[in-house]
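Student: Using my numbering, you'd call the opening residue of the sequence shown number 302 and step up by one each time.
The C-beta atom is built at its ideal place from N, Cα and C for all residues, glycine as well.
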Amino acid sequence: MTDVSWQNRFADSMMRTFSPPLAMLVRGEGCYVWDDKGTQYLDFLAGIAVNSLGHAHPEVVSAVTKQIGTISHVSNYFATPPQIELAERLKRITGAGDDGRVYFCNSGAEANEAAFKLARLNNKGHRGRIIALHDSFHGRTMGALALSGKPHMRESFEPVPGGVEHIDSTIKDLEATIDNTVAALFLEPVKGEAGVIDLPVGFLKRARELCTEHGVLLIIDEIQTGIARTGAWFAYNHDEILPDAVTIAKGMGGGVPIGALVTFGWASELFRRGQHGSTFAGNPLVTATANAVLGVIERDDLAANAARRGQQLREIILGFHSPLIEEVRGRGLLLGVGLTEPVALKLSAAALANGLIVNAANETSIRIAPPLIVGDAELADFEERFGRALASL
Ligand SMILES: *Cc1c(COP(=O)(O)O)cnc(C)c1O
302 MTDVSWQNRF ADSMMRTFSP PLAMLVRGEG CYVWDDKGTQ YLDFLAGIAV NSLGHAHPEV
362 VSAVTKQIGT ISHVSNYFAT PPQIELAERL KRITGAGDDG RVYFCNSGAE ANEAAFKLAR
422 LNNKGHRGRI IALHDSFHGR TMGALALSGK PHMRESFEPV PGGVEHIDST IKDLEATIDN
482 TVAALFLEPV KGEAGVIDLP VGFLKRAREL CTEHGVLLII DEIQTGIART GAWFAYNHDE
542 ILPDAVTIAK GMGGGVPIGA LVTFGWASEL FRRGQHGSTF AGNPLVTATA NAVLGVIERD
602 DLAANAARRG QQLREIILGF HSPLIEEVRG RGLLLGVGLT EPVALKLSAA ALANGLIVNA
662 ANETSIRIAP PLIVGDAELA DFEERFGRAL ASL
C-alpha cells in the first residue's frame with residue numbers, strides 16, 4: 302500500500318533544504334494554532350517574530366480582503382495610496398523624518414541585499430570594506446550570506462560577494478576596525494538566530510560615534526528586533542541613537558511577505574534612478590496589510606505591551622528555578638533562554654508535546670517570540686505548558 306502521510310508527501314515534493322516539519326498546521330486564532338488532528342498549540346514563536354498580531358487578526362483579515370478586492374498589484378510604473386502611506390509611516394516610526402527614504406522589498410534577505418548595494422555606493426574615497434559581526438545572521442541570499450557571520454552557512458556557496466570582514470562584538474574590536482576605508486557597518490542589535498544574544502552595553506552608541514566620525518554607514522538589521530518586538534518601535538530606540546539605514550521585514554506584514562530598507566539623512570541620496578527594484582515589492586496588497594498591522598500596534602501601544610509582558614515572561618521563566626536554566630537574554634518579547642546543558646532540542650520537543658511552540662535556536666538556547674498581543678491568559682498558559690515540558694526532561 303502506498304503511504305500517503307503528509308510527512309512522506311512533504312519529503313517527496315519539497316526541496317531538501319528543510320528539516321522534517323514538526324506538525325501540519327491548518328488553522329490559527331490569536332496566540333493559538335491547531336494541527337490537522339485538532340491539537341491546539343500556544344504559539345510563542347509567532348512564525349519567528351512575524352505574526353505580530355497573532356493569527357487571523359480581524360483587522361488584518363479585513364485589510365487583506367478589502368485590498369485584494371480593490372487593487373492588489375500594479376508594477377513599479379505606478380504609485381498606489383497604501384504604498385505612499387506606508388512609506389510615510391515608516392519614515393515617522395523609524396525617526397528618519399523628512400530626509401528619510403523607503404525602499405520596499407519582499408523579505409528580510411532582500412532588505413539586506415538592498416542595504417548591501419547601498420553600502421557599495423558609499424565609495425567616496427574608495428571605501429572597499431564592509432564590516433559585520435561574527436555569529437550574526439542577515440539572510441540566505443548571496444549578499445546576505447556574505448554579511449552573515451556564520452561561515453558554515455556560506456562555505457558550500459562560495460564565492461560570495463567580497464569585501465566583507467567579520468569582527469567580534471566588542472567595543473575594542475569596533476574601535477580597532479572602523480576607519481575611513483570602511484563603507485558600512487552592519488549589525489543586529491540582538492542576535493536572534495544566534496540564540497538571542499545581546500550586544501555589549503554601549504556598543505550601539507560607540508558604533509554610532511565611530512561611524513559618524515569616519516563617514517561610515519551604520520546599517521542596523523532590525524528584521525527580527527524591529528516593529529515593537531523589543532518594547533520600542535526599534536531596538537536602537539533603547540540606546541537613543543539613529544542609524545543611517547535600517548532593514549525591516551518579519552513583524553511588519555503580520556504574515557504577508559514584505560520588507561523595507563529605510564535610509565536616513567545623506568544615505569537617502571545614494572541610490573539613483575534605475576539602480577534597484579523588484580516586481581512585487583511594495584504592492585498595494587502587502588502595503589495595505591502592513592498599514593493595518595502598524596496601525597493596530599500604534600493604536601494599542603503594543604510596544605508597551607511587549608515591554609511589560611516581556612518582563613513578566615522573564616520572571617516566569619526565572620521563577621521555575623530550574624537547574625537547566627542559566628539565564629534569560631534579550632529584550633521585550635524577544636527572549637533567549639540560555640540552558641546549562643545542550644538540551645534545547647529536547648526541551649522544544651517536550652514543549653511541543655505539551656502544546657507549546659518555542660524554538661531551539663541552537664543546542665543551548667530556546668528562543669521565545671510570542672505575538673505582541675499576549676496577555677495574562679496566554680502567559681498563565683505558557684507557565685503551565687513550559688513548566689510541564691521542563692519537568693519532563
Ligand atoms: C530572519 C532574518 C533575516 C532574513 O530574513 P528572511 O525574510 O528570512 O530573508 C535577516 N536578518 C535577521 C536579523 C533576521 O532575523
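(1) So that I know if they touch, is there some Cβ in chain B lying closer than 9 Å to that of E679?
(2) Got a sec: does ligand 1 put a non-hydrogen atom nearer than 8 Å to the Cβ of D677?
(3) With three or more C-beta pairs closer than 8 Å as the rule, is the region 665-674 touching the region 346-365?
(4) Does ligand 1 have a heavy atom nearer than 8 Å to the CB of S408?
(5) Is it buried or exposed for G532, if we count other Cβ within 10 angstroms and need 16 for buried?
(6) Less than 8 Å between the CB atoms is what I'm expecting for L648 and A604, so what's the real figure, rounded?
(7) In chain order, which continuous runs of the beta strand (DSSP E) of length 3 or greater are located wholly inside the region 467-551?
(8) If you draw a straight line from the C-alpha of G496 to the C-alpha of V334, how long is it?
(9) To test your reading of the DSSP string, which unbroken alpha helix (DSSP H) runs of 4 or more residues are found completely within the region 614-676?
(10) With G560 as the anchor, note down where its beta strand (DSSP E) starts and where it stops.
(11) Hey, quick one: how far does the beta strand (DSSP E) through Q266 stretch, first residue to last?
(12) In the DSSP assignment, the beta strand (DSSP E) including V557 goes from what residue to what residue?
(13) Does the distance between the C-beta of I524 and the nearest non-hydrogen atom of ligand 1 fall short of 8 Å?
(14) Just mark N352 as buried or exposed, buried being the case when its beta carbon has 16 or more other beta carbons within 10 Å.
(15) For I715 and V644, what's the separation of their Cα atoms in angstroms?
Tutor: Working from what's here:
(1) No chain B is part of this structure, which consists of one protein chain only.
(2) no
(3) yes
(4) yes
(5) Buried, since its Cβ has 16 or more Cβ neighbours within 10 Å.
(6) So it is not a contact: roughly 29 Å between Cβ atoms.
(7) 483-488, 518-522, 546-549
(8) 24 Å
(9) 645-654
(10) 560-564
(11) No answer is possible for residue 266: the residues shown for the chain start at 302 and end at 694.
(12) Per DSSP, V557 belongs to no beta strand (DSSP E) and is neither H nor E.
(13) Checking every heavy atom of ligand 1 against the Cβ of I524, one is found closer than 8 Å.
(14) buried
(15) Residue 715 lies beyond the stretch modelled for the chain, which goes from 302 to 694, so this question has no answer here.
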